[in-house]
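Each number in our numbering corresponds to the 1-based position in the sequence shown with 1 added.
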Amino acid sequence: MAYSEKAPEHLSSVSVDPMEMDSFSRMAADWWDPDGPFKPLHIMNGARLGFIRDTLCEHFHRDPEAAEPLKGLRLLDIGCGGGLLCEPMVRMGADVTGVDALEKTLKTAKTHAEQVGVDVNYIHGTVEQLIESGEKPFDGVLNMEVIEHVVSPGDFIADCAKMVRPGGLMITSTINRSFKAFAFAIVGAEYILRWLPRGTHQYEKLVKPREMQRYLSDAGLTPEPSIGMSLNPLSNNWKFTDDLGINYVTVGKFIH
């Protein structure tokens with residue numbers, strides 16, 4: 002492994018927000034509880050996994066119906082949390098590295114992976130540390146529900162893009178900074194339905210699709226049009242739509 006868990010003495014920048022880290026640290030043990038504070042991610046995972054698989058397969062000319070459609074691809078999951086995406090990606094054949102700044106969260110991820118017999122390369126650290134350690138860029142970088150929790154989103158995306166190899170891609174997902182998102186993703190999800198702990202999301206840190214497009218472009222990636230994600234609260238199913246009002250995904254490709 003090219004990267005050590007020991008942090009470099011000096012970092013050019015650090016993306017993680019200490020207040021955000023403290024909040025997620027308190028929930029570290031609950032990642033794999035489908036009815037706990039990460040229930041929304043468990044519900045979202047079906048849609049996310051299908052989108053990630055299909056996007057990678059289309060880009061790298063793979064058969065999405067194959068037993069291991071991602072076999073041979075190196076993937077990096079930034080802000081991997083408890084490993085909700087890492088483990089399924091490994092089962093699809095990918096060589097997966099998950100990085101997260103929270104040690105307690107990584108311990109949860111490592112323990113669960115060992116319990117279910119899935120081999121994930123988990124690293125306690127930040128994307129800045131990966132860069133400064135000389136980590137080899139990846140075929141695909143997953144940047145899912147992370148940017149709304151960092152200090153400087155433009156700098157964060159620029160650093161994440163450095164981990165994408167020429168010909169590779171980055172998949173991002175986040176929440177729009179819109180009245181609709183404030184009403185449903187914050188007031189509704191955190192205060193009324195209590196799907197998430199209060200304060201999980203801060204409105205001013207949410208990212209508009211045009212901002213995400215600009216961040217990706219400034220980082221040297223070619224952004225594709227953003228795609229909306231909508232939740233049916235009655236069926237608890239997510240679907241991809243043209244509505245970017247709340248959740249959305251954006252793919253940036255490193256065209257060389």
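Where is the CB? At the ideal position from N, CA and C, for every residue including glycine.
Close beta carbons around residue i, own chain, < 7 Å, minus the five adjacent residues each side
i, result
"Phe139", "Arg75, Leu76, Leu77, Met164, Val165, Arg166 and Gly169"
"Ile228", "Phe241, Tyr249 and Val250"
"Trp33", "Gly83 and His113"
Short Cβ contact (9 Å threshold) for residue i with residue j
i, j, result
"Leu245", "Trp239", "no"
"Leu107", "His125", "yes"
"Ile158", "Met213", "yes"
"Tyr209", "Val151", "What sits at residue 209 in the sequence shown is Lys, not Tyr. No. Outside cutoff."
"Gly135", "Thr109", "no"
"Tyr123", "Gly141", "no"
"Ile247", "Ile176", "yes"
Status (buried if at least 16 other CB within 10 Å, exposed otherwise) for residue i
i, result
"Leu217", "buried"
"Val1", "An answer regarding residue 1 cannot be provided, because it is not within the stretch 2 to 257 covered by the chain."
"Val147", "buried"
"Ala95", "buried"
"Asn237", "exposed"
"Glu149", "buried"
Residue i to residue j span [Cα, whole Å]
i, j, result
"Arg49", "Pro41", "12 Å"
"Lys137", "Lys181", "40 Å"
"Ser153", "Lys72", "34 Å"
"Glu225", "Met90", "22 Å"
"Pro234", "Ile44", "11 Å"
"Pro35", "Gly47", "13 Å"
"Glu88", "Val117", "9 Å"
"Cys81", "Leu131", "14 Å"
"Pro70", "Asp120", "17 Å"
"Leu103", "Ser179", "29 Å"
"Leu85", "Ile172", "16 Å"
Other residues of its chain near residue i: CB distance less than 6 Å, five sequence neighbours each side excluded
i, result
"Met145", "Ser174"
"Ala220", "Ile158, Ala159 and Ala162"
"Ile256", "Thr223"
"Pro65", "Arg54, Asp55 and Cys58"
CB contact below 9 Å: residue i versus chain D
i, result
"Val152", "The displayed structure is made up of one protein chain only, and chain D is not part of it."
Touch test, the stretch 112 to 125 against the stretch 54 to 64, Cβ-Cβ under 8 Å, three pairs minimum: no
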